[in-house]
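**Q** Numbering (full-length UniProt numbering), first residue to last: 1 to 554. By construction, the Cβ of each residue, glycine as well, lies at the ideal position given by its N, Cα and C atoms.
1) For residue 405, tell me which candidate among 285, 490, 543, 547 has the shortest Cα-Cα distance.
2) Taking the alpha carbon of residue 191 as the point to measure from, which residue in 538, 65, 526, 388 has its own alpha carbon closest?
3) Give me the Cα-Cα distance between residue 81 and residue 398, rounded to the nearest whole angstrom.
4) Check whether the segment 284-300 and the segment 314-333 touch, using three or more Cβ-Cβ pairs below 8 Å as the test.
5) Using a Cβ-Cβ cut-off of 8 Å (strictly less than) and excluding sequence neighbours within five positions of residue 509, which residues of its own chain qualify?
6) Enumerated in chain order, which unbroken segments of the beta strand (DSSP E) with a length of 3 residues or greater are wholly contained in the segment 161-244?
7) Within a Cβ cutoff of 6 Å, which residues of the same chain sit near residue 83, ignoring the five residues on either side of it in sequence?
8) Reducing DSSP to helix, strand and coil, say where residue 122 ends up.
9) Out of 269, 245, 220, state which residue places its alpha-carbon closest to the alpha-carbon of residue 421.
10) Could you tell me whether the Cβ atoms of residue 358 and residue 331 are closer together than 8 Å?
11) Could you spell out where the alpha helix (DSSP H) holding residue 61 opens and where it closes?
12) Kindly identify the DSSP beta-bridge partner or partners of residue 558.
13) Report the option in 303, 17, 382 whose CA atom is closest to the CA atom of residue 195.
14) Taking only runs that begin and end inside the segment 300-347, name each unbroken alpha helix (DSSP H) of 4 or more residues, in chain order.
15) Tell me, please, which residues DSSP counts as bridged to residue 523.
16) Taking its Cβ as the centre, do 16 or more other Cβ atoms sit within 10 Å of residue 462, making it buried, or is it exposed?
17) Could you check what DSSP says for residue 150 in three-state terms: helix, strand or coil?
18) Please name the residue in 287, 103, 511, 203 whose C-alpha comes closest to that of residue 267.
19) Return helix, strand or coil for residue 388, following the three-state DSSP convention.
20) Straight-line CA distance for residue 26 to residue 173?
21) With a 10 Å radius around its C-beta and 16 neighbouring C-beta atoms as the bar for buried, classify residue 383 as buried or exposed.
22) When you compare only the Cα positions, how much space is there between residue 186 and residue 177?
23) Our contact map puts residue 248 next to residue 410 with C-beta atoms below 8 Å; I'd like the distance itself, whole angstroms only.
24) With DSSP as the reference, label residue 539 as helix, strand or coil.
25) What number of angstroms, rounded off, separates the C-alpha of residue 220 from the C-alpha of residue 371?
26) Keeping to the same chain, check which residues put their C-beta closer than 7 Å to that of residue 15; ignore five residues upstream and five downstream.
27) Excluding the five sequence neighbours on either side, which residues of its own chain have a C-beta within less than 7 Å of the C-beta of residue 212, listed in chain order?
28) Give a yes or no on whether the C-beta atoms belonging to residue 175 and residue 272 are separated by under 8 Å.
29) With a CB to CB cut of under 6 Å and the five nearest residues on each side skipped, what residues in its chain are close to residue 89?
30) Am I right that residue 570 and residue 279 are in contact with their C-beta atoms under 8 Å? What's the rounded C-beta distance?
31) Taking only the alpha-carbon atoms, compute the straight-line gap between residue 338 and residue 376 and give it to the nearest angstrom.
32) Residue 466: buried (16+ other C-beta within 10 angstroms of its C-beta) or exposed?
33) Are the CB atoms of residue 132 and residue 200 nearer to each other than 8 Å?
34) Thinking C-alpha only, which one of 62, 107, 208, 130 is nearest residue 97?
35) Do the segment 137-146 and the segment 156-165 make contact, defined as three or more Cβ pairs closer than 8 Å?
36) Please state the DSSP three-state secondary structure of residue 76.
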């Protein structure tokens with residue numbers, strides 16, 4: 001049964017309604033929430049016409065934590081089906097804006113003074129309003145236009161309460177349901193918790209902007225806003241205002257004369273470099289977060305969601321993308337296997353078949369049909385369904401490339417992603433190889449080679465001499481046969497003594513029925529003697545066994 005903390009009761013009920021409404025009443029019953037619902041609720045189970053879009057809308061109504069949960073679920077093809085995943089991908093974290101007086105109160109707290117001391121002008125109407133915060137346009141005292149992102153009051157406390165409630169339920173499902181053991185919901189919630197808590201600290205987002213800005217210096221067509229670090233706090237982010245048009249709205253804005261091919265090539269190469277070289281990438285490059293600035297460059301905004309890839313995983317991802325682009329399915333499957341954790345029910349033959357078919361199908365698609373993000377999603381789905389758990393970075397890369405596909409299509413519809421991957425990944429591989437051949441590493445290799453060259457002749461000479469004189473010995477760390485035989489003999493001896501003692505007791509019991517004039521303690525003397533001998537023997541056997549076992553442990 002679940003521990004129903006009073007502050008979580010409302011959220012448990014909300015989650016239960018969702019599970020019942022969308023055909024998972026079995027999870028409600030197994031989780032111990034059933035008592036919180038009346039008969040009318042169960043009548044709805046299985047008879048609802050609820051669909052994917054309605055499910056996404058229901059999550060939006062529950063607030064920011066559930067919107068983020070829906071966005072995370074959209075990256076898990078192994079957990080949700082394609083229609084639901086597509087609906088969750090379109091989740092818009094947009095809400096009605098707060099009254100400006102509430103926003104001003106937060107700003108005054110963070111600035112430690114009135115707005116007029118910092119801003120020459122501050123627009124009361126927000127540019128965008130989301131469940132975690134909203135963005136306003138303003139002008140600093142020096143005349144620089146800026147965008148100010150302000151966190152909603154009390155949102156951090158609400159998110160933490162929601163996460164605690166979800167974790168309690170996830171832990172219960174993982175321990176008491178088959179679906180929980182398969183998908184490990186608590187791990188999913190841990191990922192959501194880390195992401196959300198980082199997103200609630202705007203200083204982290206400011207650091208993300210700085211890191212990305214540095215990474216984009218080598219790409220002339222790309223940029224990101226410059227953050228005013230001295231004005232940024234945990235609940236307020238002040239950055240350069242970039243006046244631009246979303247790439248999805250270029251045609252509506254009448255912007256047709258752009259070099260879409262060059263922009264798309266730079267954007268794609270920059271993302272591959274972020275993932276496979278720097279190990280830090282903007283994890284949400286959907287068309288709404290990419291602007292075409294007035295100077296013709298693409299500007300990346302909204303860096304609340306980023307991902308990091310450790311060096312070892314970078315090398316594997318590099319190989320995966322290259323083998324997919326070149327249609328080498330078996331190699332792709334082998335690399336993915338080396339990246340994941342195999343469960344007990346792992347079906348290797350089925351996994352290999354599905355990955356080979358998937359890569360082959362992708363190779364045969366036309367230019368306009370290719371989607372690397374979809375391929376990575378399907379690889380993850382095949383892995384989960386055949387018993388492999390892949391790292392979270394692989395999942396994030398799939399979502400990132402999926403969103404990137406959409407943005408690239410807006411800029412250059414005829415872009416051949418397989419060819420682009422082959423070209424850029426090969427170049428990145430060469431750069432990584434050159435970087436690994438640094439002067440320090442070269443000196444280290446030369447030292448090791450010199451040591452090998454100087455010691456190898458003497459070692460070979462010693463081995464050959466031992467072979468000629470028949471002095472080679474092979475030590476095998478195996479079971480000690482003598483100790484094993486001794487152990488078996490001890491067990492056999494104990495069993496034999498036990499059988500003899502049992503025989504004495506049975507024989508003595510039978511002899512008590514024989515009436516004799518010679519008695520001891522009121523019973524036939526011989527039977528009593530046998531009973532006493534059996535008792536003494538049993539005590540000796542028990543003491544000897546305990547002492548022997550204790551010496552063995554010591």
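**A** Per the coordinate set shown:
1) 285
2) 65
3) 16 Å
4) no
5) 527
6) 236-240
7) 52
8) strand
9) 269
10) no
11) 52-62
12) Summary: the structure shown does not reach residue 558, with the chain confined to residues 1 through 554, and so no result is reported for it.
13) 303
14) 311-325, 329-339
15) 520
16) exposed
17) strand
18) 287
19) strand
20) Residue placement at residue 26 cannot be trusted, given a pLDDT of 46 that sits under 50; what the coordinates show is reported in the next sentence. Straight-line Cα distance between these residues: approximately 11 Å.
21) buried
22) 13 Å
23) 6 Å
24) helix
25) 26 Å
26) 169
27) 224, 282, 300, 303
28) no
29) 74
30) Absent from the model: residue 570. The displayed extent of the chain is 1 to 554, so no value can be given.
31) 16 Å
32) exposed
33) yes
34) 130
35) no
36) coil
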